Amino acid sequence: MKVGVLGTGVVGKTIGTRLLGLGHEVWMGSRSAHNETAAEWAAEGGDGAGHGTFSDAAEFGEVLFNGTAGASSIDALTAAGEGNLADKTLIDVANPLDFSHGMPPTLTIANDDSLAETIQRTFPYARVVKALNTVNCRVMVEPSRVPGDHVVFVCSDHPGAKAEAGRFLMEFGWTSAQIIDLGGIRAARTTEMYLPLWVTLMQKLGTADFNIALSR
Ligand SMILES: NC(=O)c1ccc[n+]([C@@H]2O[C@H](COP(=O)([O-])OP(=O)(O)OC[C@H]3O[C@@H](n4cnc5c(N)ncnc54)[C@H](OP(=O)(O)O)[C@@H]3O)[C@@H](O)[C@H]2O)c1
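Take a look at the structure:
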């Protein structure tokens, strides 16, 4: 499948590389058509990899991942172009973190709203799925880095898009039992608000290879 990965940070590179390994074609998007990180990543990725602007990547992808800085995701997706997002599954892994006030980070959007809901409202024809934002990117694409039956969450107002995102998660290695469906996109506010605790735990544990497991 053709996948557009918006973001040139560690998340974009990690998801992009994993998708290439699974046989997908991946276009990485940036503010600049000549982003050095994206160019290097695409050169290493070989035939299936390309890079360009956010708009180029969004146009290329039949499915899109939002791996941009949460506080700038609306700007990045605006640059991607509303028309390039329309009717596509947009898997939003971003978190609206603000590190400017020290640790743990605060959230630029919280409580009665979320980044994913804002994206869905701003781009009503996109099919936004919040997923994978509660784990480190290496765990996103290789859940076996953490032992046990730990979980990830998905939510969306679009059942078909949620199912499509679920198929990508299962390609990454998540089992259906590990994928917890929280319902509509409104639930994204709950998973995004976990992040200050995630960052605190990461500092205490000294590793990013951990996750939530549910005992019933
Ligand atoms: N690190 C993790 O393991 C992890 C885990 C879960 C969720 N997340 C979330 O995933 C997202 C990506 O994280 P990251 O650490 O890979 O990268 P990041 O540094 O948070 O974001 C890098 C991307 O954001 C874009 N960006 C930055 N400022 C922008 C602006 N003013 N306008 C438009 N775009 C802008 C950059 O564009 P350019 O390419 O043009 O520079 C780049 O593509 C974040 O939302 C983060 O919270 C990260």
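Residue numbers (my numbering): 227 to 442. Don't be surprised by glycine CBs; every beta carbon is placed ideally from N, CA and C. These numbers were taken from a predicted model, which means no experiment stands behind them.
Assuming the contact rule is C-beta atoms closer than 8 Å, residue i and residue j should be a hit. Round their C-beta distance to whole Å, please.
i      : j      : result
ALA259 : ALA342 : Incorrect: roughly 27 Å between the Cβ atoms, too far for contact.
LEU395 : ALA357 : 7 Å
THR360 : TRP424 : 7 Å
ILE241 : MET428 : Going by Cβ atoms, the distance from ILE241 to MET428 rounds to 19 Å, so no, they are not a contact pair.
THR294 : ALA265 : Actually they do not touch by this definition, with Cβ atoms about 18 Å apart.
Bridge partners for residue i per DSSP, in chain order?
i      : result
GLY255 : LEU232, GLY278
ALA439 : HIS376
ARG393 : In the DSSP output, where bridge partners are listed per residue, ARG393 has none listed.
SER370 : Answer is none; SER370 lacks a bridge partner.
With burial defined as no fewer than 16 other Cβ atoms inside 10 Å of the residue's Cβ, what is the status of residue i: buried or exposed?
i      : result
THR417 : buried
LYS388 : buried
SER370 : exposed
PHE349 : buried
MET254 : buried
GLU262 : exposed
PRO322 : buried
PRO385 : exposed
LEU245 : buried
ASN437 : buried
| Whose beta carbon lies closer than 6 Å to any heavy atom of ligand 3, going through the chain in order? | For the structure depicted, ligand 3 is absent and the ligand set comprises only ligand 1.
| Which residue spans inside the stretch 402 to 435 form an unbroken alpha helix (DSSP H) run of at least 4? | Secondary structure within the stretch 402 to 435: the alpha helix (DSSP H) runs of 4 or more consecutive residues, fully enclosed, are 414 to 418, 421 to 431 (chain order).
| Mind pulling the alpha helix (DSSP H) runs of 4 or more residues that sit fully within the stretch 284 to 342? | Within the stretch 284 to 342, the complete alpha helix (DSSP H) runs of at least 4 residues are 299 to 306, 308 to 311.
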